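These notes are about the structure you will find just below.
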Amino acid sequence: MPSPENGKKAGGSGGSASGDEHPAHPQSPREPLAFGSRAILDACWSGEELEADAPRLERRGPTAVPENLRTAVDFRIARPPLPQSLRNSIRRVRPVGSGKPVALTFDLCETAGGVSGYDAGIVNWLRANRVRATFFAGGKWMQTHPEQTLQLMADPLFEIGNHSWTHANFRELGRSRMEEQVLRTQDQYRLLRGLLESRECARRAGARAMDDIPREPVLFRFPYGTCNAEALGFLASRGLAAIQWDVVTGDASTSQTAGGIARIVLSRVKPGSIIVCHANRRGHGTAAALPLFVPRLREMGYDFVTVSELLASGTAETSPDCYEERPGDNRKYDKITGVGKHADH
Numbered sequence: 079m080p081s082p083e084n085g086k087k088a089g090g091s092g093g094s095a096s097g098d099e100h101p102a103h104p105q106s107p108r109e110p111l112a113f114g115s116r117a118i119l120d121a122c123w124s125g126e127e128l129e130a131d132a133p134r135l136e137r138r139g140p141t142a143v144p145e146n147l148r149t150a151v152d153f154r155i156a157r158p159p160l161p162q163s164l165r166n167s168i169r170r171v172r173p174v175g176s177g178k179p180v181a182l183t184f185d186l187c188e189t190a191g192g193v194s195g196y197d198a199g200i201v202n203w204l205r206a207n208r209v210r211a212t213f214f215a216g217g218k219w220m221q222t223h224p225e226q227t228l229q230l231m232a233d234p235l236f237e238i239g240n241h242s243w244t245h246a247n248f249r250e251l252g253r254s255r256m257e258e259q260v261l262r263t264q265d266q267y268r269l270l271r272g273l274l275e276s277r278e279c280a281r282r283a284g285a286r287a288m289d290d291i292p293r294e295p296v297l298f299r300f301p302y303g304t305c306n307a308e309a310l311g312f313l314a315s316r317g318l319a320a321i322q323w324d325v326v327t328g329d330a331s332t333s334q335t336a337g338g339i340a341r342i343v344l345s346r347v348k349p350g351s352i353i354v355c356h357a358n359r360r361g362h363g364t365a366a367a368l369p370l371f372v373p374r375l376r377e378m379g380y381d382f383v384t385v386s387e388l389l390a391s392g393t394a395e396t397s398p399d400c401y402e403e404r405p406g407d408n409r410k411y412d413k414i415t416g417v418g419k420h421a422d423h
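Here my numbering is used: the first residue of the sequence shown is 79, the next is one more, and so on.
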């Protein structure tokens, strides 16, 4: 579901977990949407630079939104609101036809007072094996990992979604804090995109090379998988689709293993599934699990697509509530204040 400014659209629809469904705009996930520019990726980074890990960051206190965001970009991004059918939490898609698309997603979150990282092993394996994926990046994570954000942004294999500024619990936020968490993350992305566009290497890639890099994210993932009706309504008013999941790898648990992740994915995945993982060095066993389940799913006929491509492939299945695996199972996070201080979901 690229930005309308790119001239390319992917549709999706929603209903409720009780069975209400709405068909997406027909478009085959085997005709990839444009999310990046291979010309820019090759012009701006060497293979060694793309494979490199991010520098380790020291823990520091809560981070304010940088002052340049207040003047360099417009916080009030004008996007058309979502139709009524897309205003719930999207858990998976029921594909049209006999295809077996699946969306592999990775969260890149960083809390207000914490420091996470970048798992180059995951991204390198996805690139080496041509696996399309979606990364839900926090604004603070993008601020502390600008070069990695630009690389993901430029890579045609990947789509970037919004994961809030500091991984806040949206059930605990008022409207003004929701705006801060969501819109400032949008603006951080736009600021970095502008930085990429200004680089000589991007200009060398061709006058229209930047056109295929979305101008802003069009997807959002709630931190902790928590939301309420007000949060869903706010996202809908801003034209951002709320993307949940139906396959939880459990990689945020320190006791999780590569084999455990692979067993979960292979036993629970179905056509149209959305798999949730982490790529911010908070995923345990994730990189080692990819070779265990990705080739097997491909042998079974599954096609890895971005979330926007998945939405374009059939009928979105949604819920009026947000949860991990069953309604109410994430209430434990409601003790967290709305600034996202604690561990990832």
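A virtual CB, placed ideally from N, CA and C, is assigned to each residue, including glycine.
Computed from a predicted model, the values in this text were never measured in an experiment.
- Around the CB of SER391, 16 or more other CB atoms lie within 10 Å, so the residue is classed as buried.
- For PRO292, there is no enclosing beta strand (DSSP E), as DSSP marks it with neither H nor E.
- Assigned with DSSP and collapsed to three states, ALA394 falls in strand.
- Rounded to whole angstroms, ALA285 and TYR267 show a C-alpha spacing of 21 Å.
- Annotation: ARG282 to ALA121 spans about 7 Å, alpha carbon to alpha carbon.
- For ASN202, the three-state secondary structure derived from DSSP is helix.
- For a cut-off of 8 Å, the C-beta gap from VAL260 to ARG316 is around 7 Å, short enough to register as a contact.
- Sequence-distant partners of LYS178 (beyond 5 residues in either direction) whose C-beta falls short of 7 Å from its own C-beta, in its chain, are PRO349, GLY379, TYR380, ASP381.
- A distance below 9 Å separates the beta carbons of HIS245 and CYS187.
- Residue pairing for GLU237: DSSP places it in a beta bridge opposite THR212.
- Assignment of ASP407 by DSSP, reduced to helix, strand and coil, places it in the coil class.
- The region 188-200 makes no contact with the region 157-167; the number of CB pairs closer than 8 Å stays below 3.
- In this structure, the alpha-carbon of ASP233 lies about 6 Å from that of LEU119.
- Under a 10 Å Cβ-count criterion, ASP265 is classified as buried, with 16 or more other Cβ atoms of the shown protein chains found around its own Cβ.
- Taking C-beta separations shorter than 7 Å and ignoring five residues to either side along the sequence, the partners of TYR401 in its chain run GLY303, ASP407, ASN408, following chain order.
- Counting along the chain, SER176 sits inside no alpha helix (DSSP H), nor does DSSP assign it H or E at all.
- In the structure shown, ASP120 adopts helical secondary structure according to DSSP, grouped into three states.
- Our two residues, ILE321 and SER276, have alpha carbons roughly 31 Å apart in a direct line.
- Buried is the label assigned to ARG170, since at least 16 other Cβ atoms lie within 10 Å of its Cβ.
- The C-alpha of GLU127 is placed about 38 Å away from the C-alpha of ALA314.
- If you draw a straight line from the Cα of GLY216 to the Cα of MET256, it comes to about 13 Å.
- Taking C-beta atoms under 8 Å as the contact rule, ALA211 and LEU182 qualify, at a distance of about 5 Å.
- A direct Cα-to-Cα measurement between GLU294 and LEU389 gives close to 18 Å.
- Listed in chain order, the beta strand (DSSP E) runs fully inside the region 272-347 amount to none, counting runs of at least 3 residues.
- The residues ILE342, VAL343, ARG346, VAL347, SER351, ILE352, ILE353, VAL354, in chain order, have a CB closer than 8 Å to that of VAL325 in the same chain once the five nearest residues on each side in sequence are set aside.
- Within the same chain, Cβ atoms closer than 6 Å to the Cβ of TRP243 are found at GLY217, LYS218, GLN259, ARG262, THR263, the five residues on either side in sequence being excluded.
- Residue pairing by DSSP places LEU182 opposite ILE353 in a beta bridge.
- Straight through space, the alpha carbons of LEU273 and ALA330 are spaced by roughly 32 Å.
- Counting C-beta atoms within 10 angstroms of its own C-beta, SER397 has 16 or more neighbours from the protein chains shown and is therefore classed as buried.
- For SER254, the three-state secondary structure derived from DSSP is helix.
- Taken through DSSP and simplified to helix, strand or coil, SER167 comes out as strand.
- DSSP, reduced to helix, strand and coil, places VAL383 within a strand of the structure shown.
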